[in-house]
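**Q**
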Amino acid sequence: MEINIQRKVLEANETQADRNRKYFSERKVFVLNMMSSPGSGKTETLSITIKRLMPHIRVGIIVGDICTRNDADRLGATGAPVVQINTDQFGGDCHLAAHLIDRAAREMDLDSLDLLIVENIGNLVCPAEFDIGENAKAVVLSVTEGEDKPLKYPLMFQVADVALLNKIDLLPYLDVDLNLAVDNIQKVHPKIPVFKISAKTQEGFEGWIGWLKGCVNG
Ligand SMILES: Nc1nc2c(ncn2[C@@H]2O[C@H](COP(=O)(O)OP(=O)(O)O)[C@@H](O)[C@H]2O)c(=O)[nH]1
Ligand SMILES: [Mg+2]
Numbered sequence: 021m022e023i024n025i026q027r028k029v030l031e032a033n034e035t036q037a038d039r040n041r042k043y044f045s046e047r048k049v050f051v052l053n054m055m056s057s058p059g060s061g062k063t064e065t066l067s068i069t070i071k072r073l074m075p076h077i078r079v080g081i082i083v084g085d086i087c088t089r090n091d092a093d094r095l096g097a098t099g100a101p102v103v104q105i106n107t108d109q110f111g112g113d114c115h116l117a118a119h120l121i122d123r124a125a126r127e128m129d130l131d132s133l134d135l136l137i138v139e140n141i142g143n144l145v146c147p148a149e150f151d152i153g154e155n156a157k158a159v160v161l162s163v164t165e166g167e168d169k170p171l172k173y174p175l176m177f178q179v180a181d182v183a184l185l186n187k188i189d190l191l192p193y194l195d196v197d198l199n200l201a202v203d204n205i206q207k208v209h210p211k212i213p214v215f216k217i218s219a220k221t222q223e224g225f226e227g228w229i230g231w232l233k234g235c236v237n238g
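Numbering (my numbering), first residue to last: 21 to 238.
Here's what the structure looks like:
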């Protein structure tokens, strides 16, 4: 019974996600779904990414959290339009579903955007299962989380189109093996592009920004 209900929820989500994708493509907006566990650096990475892309690429943001507008305030400081979703009004869901993206996107002027980035709720499990109608998925893993996380939470890394290995500025203080972290990501998803970055120092951003520009101009 539980399995049937879960299947129906995922099927309904898939239908809405396909509708979203059509809606976005009619408006010529590329949509990126950014995911990670809480605290890996999604918001920090996005702040820098947006600053580097604008004004040539016009970016809008939908950000999901269970509570608070903190990330909307941080990302809004870039000047990009931001819509915050709080899932505590909907039972505190641990992921963004396609119908929430539909509602948030209708609050934005998509005709004035080239790229819509969705910062998903911090969670390495549930968001991987929910298509939101995006064109690409990015996963952020910070070096402080340990090299083995791709092996423990493989679905997230399998569904991702690109992986960002963040907080490399902290490597001198950690015992983590950066090459092993890359190997583990590529063990569950061979050939996925992995960019090693620091959102604090902006090291490694050229490759990531180039990849994203390629998607938008693509
Ligand atoms: N040292 C360091 N700290 C970072 C880096 N990226 C993010 N942080 C910090 O990590 C914490 C969580 O970052 P945040 O962007 O809120 O992560 P999110 O929960 O994934 O959105 C904040 O205190 C950030 O300042 C980084 O590259 N290096
Ligand atoms: Mg955040």
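Think of the CB as a built atom: it goes at the ideal place given N, C-alpha and C, for glycine as much as any other residue. These numbers were taken from a predicted model, which means no experiment stands behind them.
1) Tell me the DSSP secondary structure of A180 in three-state form.
2) Return yes when the Cβ of I81 is within less than 8 Å of the Cβ of E139, no when it is not.
3) Would you say the beta carbon of T63 is closer than 7 Å to some non-hydrogen atom of ligand 4?
4) Following a CB-centred definition, is S45 positioned closer than 7 Å to any heavy atom of ligand 1?
5) Determine the closest residue to F50 out of K187, L73, I137 and S60, with distance taken between C-alpha atoms.
6) Going by DSSP, what residue range makes up the beta strand (DSSP E) through G230?
7) Check for me: the alpha helix (DSSP H) holding Q206 runs from which residue to which?
8) Would you say the beta carbon of D108 is closer than 7 Å to some non-hydrogen atom of ligand 2?
9) Do you know how far the Cα of S57 is from the Cα of L232?
**A** The short version:
1) coil
2) yes
3) As far as ligands go, the structure on display features ligand 1 and ligand 2 and does not contain ligand 4.
4) no
5) I137
6) Segment F225 to N237 is the alpha helix (DSSP H) holding G230; no beta strand (DSSP E) there.
7) L198 to V208
8) No.
9) 21 Å
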